[in-house]
Amino acid sequence: MRYQFREVSILLAGATGQPGQRRFFISAGTPQSWVRVWVEKEQLQTLALALEEVLSVEAREATRDTQGTETSPEPLETPQSEFSLGRLAVGFDKERQRLVVYLHGQDVADAEQEVLAMVHATAGQAQNFSRQAQQVCAAGRPPCPLCGGPIEPAGHVCPRSNGHGEFPA
Ligand SMILES: [Zn+2]
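Here the sequence shown is numbered in this note's numbering, starting from 293 and rising by one per residue.
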């Protein structure tokens, strides 16, 4: 394990680049020590949903009330490390009432896909992150006039037209 953040004040999702060419990332840590992890959009969506799931199952309402939700923007300084995500896992530390995100590297030579960073977040932080991640994923795609679904840059096969219609981006 290279980076273990038992407390974070930075936990955010972002994207850079033009629509259709966007690269997604997660930033986590503290202003003194933080990492930027490049992720696929699907991975970001998966993480957002996994956090929601853990929140609904594990985190009690009382937890949400008493835990801080504040996070800072990404610092201007460069991150301590950057890597591309291989896979991820989400857990819950009952004793500390923290959601735990395990971020594995993408090194194909390493069959175990070493956990490069472990991020502990309060329920409030996780909830905010999940919402923000879903907004980032949805941004930049206009809604389909028929079904309301997002029109991807590659086009959109609309369920309202039984899959026959295809709207250009
Ligand atoms: Zn549609």
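Note that CB positions come from ideal geometry on N, CA and C, so glycine has one too.
In the segment 301-379, which residue ranges form an unbroken alpha helix (DSSP H) of at least 4 residues, counting only runs that do not cross its ends? 333-349 and 353-358
For the segment 402-434, list the alpha helix (DSSP H) runs that are entirely contained and at least 4 residues long, ordered along the chain. 415-430
Assess, as a yes-or-no matter, whether the segment 428-441 is touched by the segment 361-374 under the definition of 3 or more beta carbon pairs within less than 8 angstroms. no
Look at the alpha carbon of arginine 315 and the alpha carbon of asparagine 420, and state the distance between them as a whole number of angstroms. 21 angstroms
Confirm the yes/no value for this check: CB of glycine 465, any heavy atom of ligand 1, distance under 7 angstroms. No answer is possible for residue 465: the residues shown for the chain start at 293 and end at 461.
Would you tell me roughly how many angstroms separate the C-alpha atoms of glutamine 310 and proline 445, rounded to the nearest one? 11 angstroms
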